[in-house]
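What follows is a single structure, written as structure tokens, with notes after it.
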Amino acid sequence: MRIGELADATGTSARALRHYEQAGLICSERAANGYRLYDAGTAVRVRNIRQLLEVGLTLDDARVFLPCLDGDVAAGPASEKGLRVAADRLAVLEARIAAQIAVRDRLATALRQATGHQAIDARAATVA
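Sequential numbering of the sequence shown, starting at 840, is according to this note's numbering.
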């Protein structure tokens, strides 16, 4: 199938597919006219890559799962290496969340000091 067909079948963009290919997660052949041609089974692989990305893993992280990307990634037993990658990514996300919370708290404190208000609700604040 051509790149547009694969994009439609997987709900992703042709640009993302080219990116996955550049990252070594999927591969294609070239037709005589230069178009990328993908095996129909590549759709399963792309859906699995997207599932890994949706849970917060990166394309680099997804490489660990290459041996099982052509099947049901979630159905098989978890590998030690896969669990380690997921735990490491979770730690990175937790650190980023903590850093953002600290920034939010500093900003809220600065706003309270600047306005003299006891509490500022960021969700209710609007920019005129």
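Backbone N, C-alpha and C fix where the C-beta goes; we use that ideal spot for every residue, glycine too.
**OP:** Using the Cα positions of M840 and L876, report the straight-line distance between them to the nearest angstrom.
**Re:** One C-alpha to the other measures close to 5 Å.
**OP:** Give me the Cβ distance between G843 and A853, rounded to the nearest whole Å; I'm assuming they're in contact under 8 Å.
**Re:** The pair is a contact, with the Cβ atoms about 6 Å apart (cut-off 8 Å).
Original post:
In chain order, what residues of the same chain lie with their CB nearer than 6 Å to the CB of A938, ignoring the 5 residues before and after it?
Top reply: Closer than 6 Å at Cβ, skipping near neighbours: no residue.
**OP:** Could you please give the first and the last residue of the uninterrupted alpha helix (DSSP H) stretch that includes H858?
**Re:** Annotation: the continuous alpha helix (DSSP H) that includes H858 extends over A853 to Q861.
Original post:
Where G873 and D847 are concerned, what is the direct C-alpha to C-alpha distance, given to the nearest angstrom?
Top reply: Roughly 20 Å separates the two Cα atoms.
**OP:** Within its chain, find whatever has a CB closer than 7 Å to the CB of D909; leave out the 5 residues flanking it on each side and keep chain order.
**Re:** Excluding residues up to 5 positions away in sequence, G880, V883 and R884 lie with their Cβ nearer than 7 Å to the Cβ of D909 in the same chain.
Subject >> As assigned by DSSP and simplified to three states, the class of L908 >> reply: The three-state secondary structure of L908, taken from DSSP, is coil.
Original post:
From C866 to H858, what does the alpha carbon distance come to, in whole angstroms?
Top reply: Approximately 11 Å between the Cα atoms of the pair.
Original post:
Cβ of R889 within 8 Å of Cβ of T948?
Top reply: No, these two residues do not count as a Cβ contact at 8 Å.
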